[in-house]
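Participant: Dropping a structure here in structure tokens format, bear with me for questions.
2 protein chains.
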Amino acid sequence: MTPIEDAGIGSVVVVGTGLIGTSIALALRQRDVRVFLADRDAGAVRLARELGAGEDWTGEQRADLAVVAVPPQFVAQQLLDLQKRDSARFYTDVASVKALPLAQAAQLGCDLTTYVAGHPLAGRERSGPAAARADLFLGRPWAYCPTDEASPRAVAAVERLISLCGGNAVRVDAAEHDRAVAVVSHAPHVTAAAVAARLAEASETALGLSGQGVRDVTRIAASDPALWTGILEGNALPVAEVLEALVDDLSAAARSLRALAGDGAAMGQVTDLLSRGVRGTGRIPGKHGGPARTYAVVQVLIGDRPGELARLVQAAGETGVNIEDIRLEHATGLELGAAELYVRPEAAEALTHGLRERGWQVPG
Amino acid sequence: MTPIEDAGIGSVVVVGTGLIGTSIALALRQRDVRVFLADRDAGAVRLARELGAGEDWTGEQRADLAVVAVPPQFVAQQLLDLQKRDSARFYTDVASVKALPLAQAAQLGCDLTTYVAGHPLAGRERSGPAAARADLFLGRPWAYCPTDEASPRAVAAVERLISLCGGNAVRVDAAEHDRAVAVVSHAPHVTAAAVAARLAEASETALGLSGQGVRDVTRIAASDPALWTGILEGNALPVAEVLEALVDDLSAAARSLRALAGDGAAMGQVTDLLSRGVRGTGRIPGKHGGPARTYAVVQVLIGDRPGELARLVQAAGETGVNIEDIRLEHATGLELGAAELYVRPEAAEALTHGLRERGWQVPG
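If you read the protein sequences in the order shown, they are chains B and S.
Per our numbering, numbering of the first sequence is gapless, rising by one per residue and ending at 365.
Per our numbering, numbering of the second sequence is gapless, rising by one per residue and ending at 365.
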């Protein structure tokens, strides 16, 4: 067989039909991959199936790839069970930590030649199959951590899975992955929870003054505590180190503010923290918020009147381009606004030309 | 004059044409209020004027209301200058802290009968007139803090300003306001900066694994450090107290994780923090993210095909309802999606009926 064929994925068994497992299944179904679904919760499998995620797994059918989509602490044992039954040619998982499952898998004597650990960075504050989306991984990073034992075929199969789901494959060492997600995911999650915990004890007046800022800071804190306790357990030391650095900065800021309230001490340390924060946000790839980064944005000037948007989207439809998302920005007090049409990058030029032909103002 | 007339605002002078000042001016212009613009930065005034925010203030014209939109530490002096020149019948400000400007105003001998301190909770991570939006305050809280000295006419004028801008007026004592915003705005801002500061020193690999979560947590940390230093200086003690509570929670979490890495101690304390976070997010009024809460959402099932959205928005346009925003949710792998149409609440029923008449599936 050629490597190309090796990387071919005709069938996948998804073990664990939660948010991530079901979203992977939905994405694979859109690419006409045969998907078998399994979960210790029969209700979760039924719901995933009704959402079009695939068919029930009898345990008999052998798949090209098995995706272990269970909490980190259960990955290795699940992998061992699947390998014992020879359920698939290759295996991966989607746990948010990587070093622990790999170590446990080696300890349990799993076959590490057919297993490549993975982690799509695409959670939501909602969980379960009902929150699943086929486009959850579009343009989002998807880390994978091949060991030295992993066969090239197994690596190719996981890379194929990532590409079928529209993710951005990021090959990284397991230990480096865990240090990285401690900084960009796990410690921010604990911090968001700590900010949100202040709201749990805040006055109604305080909550009534909540703006968009605190909503954004605390959004992820609505996630399932049991799931996240498992994730943090699996990455304890790297997360602890980031939290300790956070505590140092916040303690220093609190001290400066107390000193100020007392004798008017300098705020230089606080300003420095805020400035480092600005630098940090500037280093995050891609735009803040908005749809997945694989979309291109075509901005069109429109009058802020009933029917105007309809005429625009009608015109866009005539160009045959599918609009993935729309944002309206009433940028000024004038009777003029800008509509941002999000489309696949390859469609942006056709849409721009098509709209200009139809007399629409498309700047740039 | 009747109280109604007293509350009438035919002209407003906005001193400080930054994000908030210019947004207020744009909102007032949409309501045909005459707006005079002033800023120590002539370029900021010019840009605001070109955006349609109003006309230059010569300093001669007397307005019904003067809005002092300068950083907190300059509010009192600016108010005194305006009152000395009898620039307006009534005065307010938009600073993010309230006790300090009020104390300084009293200290400087400002006329507290014509001044009512205010604070619209509607910032953006962008600043300056170019980022201004007439709809910035739609459905957002707008705190105002009348003192005992404030005349009913002055209070009515500020309430009128808030309603003209579409804000939700929240009457609150200045000290309580400052404690509240420390919890829902100022401490979250410092915390977001501390999380973002970790990114400033993180590896490219780590940044490459950034997902939506860390983007949301750190979005506000991109704001101007000088502006925020001034805000935090003006609310030092309440912010310090919240930061200290945050530090206690994060230190405890770090200790639990270190202990776990050592001897596998219980994670109960961490789970408890996460659970308190979930409770906290649940107490924030309104939905997370999305457009201002004054909008009603009409959800419509649509096929995920080119032209389908065009037909829907066309149909919506035929109902004569103006669509404020649109969100698309490709909830499943099926060829079916849901479009969320955001409209003024009073228009939701007409839109629902109109769409159903035209054969669209509008659930609920």
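The beta-carbon is built from N, C-alpha and C at its ideal position, and this holds for glycine as well.
(1) Pick out whichever of B:L20, B:W361 and B:A348 has its Cα sitting closest to the Cα of R312 of chain B.
(2) I'd like to know if W229 of chain S contacts chain B, where contact means its C-beta is closer than 7 Å to some C-beta of that chain.
(3) Could you round the C-beta distance between H190 of chain B and I221 of chain B to whole angstroms and report it? I think they count as a contact, below 8 Å.
(4) How far does the alpha helix (DSSP H) with V182 of chain S in it reach, from first residue to last?
(5) Just verifying my parser: in three-state terms, what is the DSSP assignment at V248 of chain B?
(6) Going by the CB atoms, is the gap between R199 of chain B and V196 of chain S shorter than 7 Å?
(7) How big is the Cα-Cα spacing for H331 of chain B and D136 of chain S?
(8) Nearest to A241 of chain B by alpha carbon, out of S:A241, S:D225, S:P239 and S:A262?
(9) Within the region 63 to 150 of chain S, note down every full alpha helix (DSSP H) run reaching 4 residues or more, in order along the chain.
(10) From Q270 of chain S to G231 of chain B, what distance separates their C-alpha atoms?
(11) In this structure, what does DSSP give as the bridge partners for N169 of chain S?
(12) Among B:Q31, B:A43, B:V71 and B:W58, which has the Cα closest to the Cα of I21 of chain B?
(13) What residues in the region 202 to 223 of chain B have a beta carbon less than 7 Å from any beta carbon of chain S?
(14) With 7 Å set as the bound, which would you pick, yes or no: does the beta-carbon of R199 of chain S sit closer than that to a beta-carbon of chain B?
(15) Where does the unbroken beta strand (DSSP E) through R199 of chain B begin, and where does it stop?
(16) Compute the beta-carbon to beta-carbon distance between S24 of chain B and A133 of chain B, rounded to the nearest angstrom, for a pair I have assumed lies under 8 Å.
(17) Whole angstroms is fine: what's the gap from G129 of chain S's alpha carbon to A77 of chain S's?
(18) Would you call the CB atoms of L38 of chain S and V15 of chain S closer than 7 Å?
(19) Out of S:S97, S:F75 and S:R90, point me to the one whose CA is closest to L109 of chain S's CA.
(20) Which word fits G281 of chain S, buried or exposed, when buried means at least 16 other C-beta atoms lie within 10 angstroms of its C-beta?
(21) For V46 of chain S, report the span of its alpha helix (DSSP H) as first-last.
(22) Quick check: A89 of chain S and A54 of chain S, are their CB atoms within less than 7 Å of each other?
(23) When we look at the beta-carbon of H354 of chain B and count the other beta-carbons within 10 Å, is it buried (16 or more) or exposed?
(24) If contacts are defined as beta-carbon pairs under 8 Å, then R172 of chain S and F91 of chain S qualify, I think. What distance do you get, rounded to the angstrom?
(25) Which residues, in order along the region 54 to 87 of chain S, keep a beta-carbon less than 8 Å from a beta-carbon of chain B?
(26) Kindly indicate the opening and closing residues of the beta strand (DSSP E) around S204 of chain S.
(27) Which residues of chain S have a Cβ atom closer than 8 Å to the Cβ of V171 of chain B, listed in chain order?
(28) According to DSSP, is A255 of chain B helix, strand or coil?
(29) According to DSSP, simplified to helix, strand and coil, what is D225 of chain S?
(30) Specify the secondary structure class of S152 of chain B as computed by DSSP and reduced to three states.
(31) Under the DSSP definition of a beta bridge, which residues are partnered with R216 of chain B?
(32) So is R63 of chain B buried or exposed if we call it buried at 16+ other beta carbons inside 10 Å?
(33) Can you grab the Cα-Cα spacing for the pair E319 of chain B / L356 of chain S, in whole Å?
(34) Following the continuous beta strand (DSSP E) through V13 of chain S, name the residue where it begins and the one where it ends.
(35) Looking at the structure shown, is V322 of chain B part of a helix, part of a strand, or coil, going by DSSP?
Facilitator: The relevant details are as follows:
(1) B:W361
(2) A Cβ of chain B is located within less than 7 Å of the beta carbon of W229 of chain S.
(3) 6 Å
(4) Element bounds for V182 of chain S: A175 to V182.
(5) helix
(6) Here V196 of chain S is not near R199 of chain B, since their CB atoms are 7 Å or more apart.
(7) With a pLDDT of 46 at H331 of chain B, under the threshold of 50, the modelled position of that residue is not reliable, and the figure given next carries that caveat. Approximately 7 Å, taken between the alpha carbons.
(8) S:A262
(9) 76 to 85 and 100 to 109
(10) Straight-line Cα distance between these residues: approximately 13 Å.
(11) S:P142
(12) B:V71
(13) A203, S204, T206, A207, L208, G209, L210, S211, G212, G214, V215, R216, D217, V218, T219, R220, I221, A222 and A223
(14) Judged by the 7 Å Cβ criterion, R199 of chain S is in contact with chain B.
(15) Counting along the chain, R199 of chain B falls outside any beta strand (DSSP E), though it belongs to the alpha helix (DSSP H) covering A188 to A201.
(16) 4 Å
(17) If you take the alpha carbons of G129 of chain S and A77 of chain S, they lie about 21 Å apart.
(18) In contact: L38 of chain S and V15 of chain S (Cβ atoms closer than 7 Å).
(19) S:F75
(20) buried
(21) From DSSP, the alpha helix (DSSP H) with V46 of chain S extends over A43 to E51.
(22) Using a Cβ distance threshold of 7 Å, A89 of chain S and A54 of chain S do not count as a contacting pair.
(23) exposed
(24) The beta carbons of R172 of chain S and F91 of chain S sit about 16 Å from each other, so the pair does not count as a contact at 8 Å.
(25) A54
(26) First-last for S204 of chain S: undefined, no H or E at that position.
(27) Ordered by position in chain S, the residues that pass the 8 Å Cβ test against V171 of chain B are T206, G209 and L210.
(28) helix
(29) coil
(30) coil
(31) For R216 of chain B, which the question treats as bridged, DSSP gives no partner whatsoever.
(32) exposed
(33) Taking the straight line joining both Cα atoms gives about 21 Å.
(34) Note, V13 of chain S: beta strand (DSSP E), S12 to V16.
(35) coil
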